[in-house]
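Asks: Residues in the sequence shown are numbered consecutively from 8, following our numbering.
First the structure, which I've put down as structure tokens, then a few questions once you've had a look.
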Amino acid sequence: MNVVINLNNVTKNLEKFSARNVNIIAISKTFPLNIIRPLIDFGHIHFGENRIKEALDKWSDIISLNPKIQLHLIGSLQSNKIRDALKIFSYIHSLDSVKLAVKLSVEQEKMQKNIKYFIQVNFENEKQKGGVLENEIKDFLNFCKIEKKLNVIGLMCIPPIDKPSEIYFKKLQFLAKTNNLLELSMGMSSDYLKAIKFGSNYIRIGSLIFGDRK
Ligand SMILES: *Cc1c(COP(=O)(O)O)cnc(C)c1O
């Protein structure tokens, strides 16, 4: 398993199918640093994790040595872990509640931080997933941006597994456009080429780079 070759294959596919600049977030959750290391040495910038503690343990030293690295939180955030999350992540893709927005804004102020956010959208109201309902996005976005001064740059979704992802990529593209948001976090190993057709510019790739997770 050569993770650099795997990453380069994704890059080549992107160049073939899209002229835009698409950021590849290498989702390294569950994999130890020795597996990830070749990508760091190669100069890859964007990495994603879904657990705060795992991210702190794995990435704290690496990021102080390589300040260019940008870590993305792609999993749900509990409010008692906000401080730790702000220590290590440059982007949070799972902003999805008023309570979180309020606490993030307070802690950011205290820590003198201003990181980037995607609001997660839950199109089918799936209980096991986080996210804001489609018809609540506008109000929630205004609250986060205007009242809480959070730097919301775009929308994120994880489509239901039993339906074609294109439906949701198209909806997310439209929703972002109508709310004047420029960035889209959508597309994983199995469907990133579909996601870029609908304007995704942050794709989240785990298994295609690192192999199957246990
Ligand atoms: C794990 C995960 C990914 C990566 O999934 P792959 O199918 O391995 O590419 C992407 N997004 C989220 C939110 C994840 O939890």
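C-beta atoms are modelled at their ideal positions from N, C-alpha and C, and glycine is treated no differently.
All of these numbers come straight from a predicted model, not from anything done at the bench.
(1) Just to check, is the beta-carbon of arginine 211 closer than 7 Å to a non-hydrogen atom of ligand 1?
(2) Output the distance between the C-alpha atoms of isoleucine 99 and isoleucine 122, rounded to the nearest integer angstrom.
(3) Excluding five sequence neighbours on each side, which residues of the same chain lie with their C-beta closer than 6 Å to the C-beta of serine 207?
(4) On a CA-only basis, which of Leu215, Arg44 and Ala183 is nearest phenylalanine 205? Give me that one, please.
(5) In the DSSP output, what is glutamine 127 paired with across the bridge?
(6) Isoleucine 210 lies in the beta strand (DSSP E); which residues open and close that run?
(7) Comparing alpha-carbon positions, which option in Leu72, Asn15, Phe150 and Tyr199 lies nearest proline 166?
(8) Does the Cβ-Cβ distance between leucine 14 and isoleucine 216 come in under 8 Å?
(9) Please say whether isoleucine 153 and tyrosine 124 have beta carbons closer to each other than 8 Å?
(10) Give the DSSP-derived three-state secondary structure of asparagine 15 in the structure shown.
Replies: The answer reads as follows:
(1) yes
(2) 8 Å
(3) Leu191, Met193 and Gly194
(4) Ala183
(5) Met163
(6) 209-212
(7) Tyr199
(8) yes
(9) no
(10) helix
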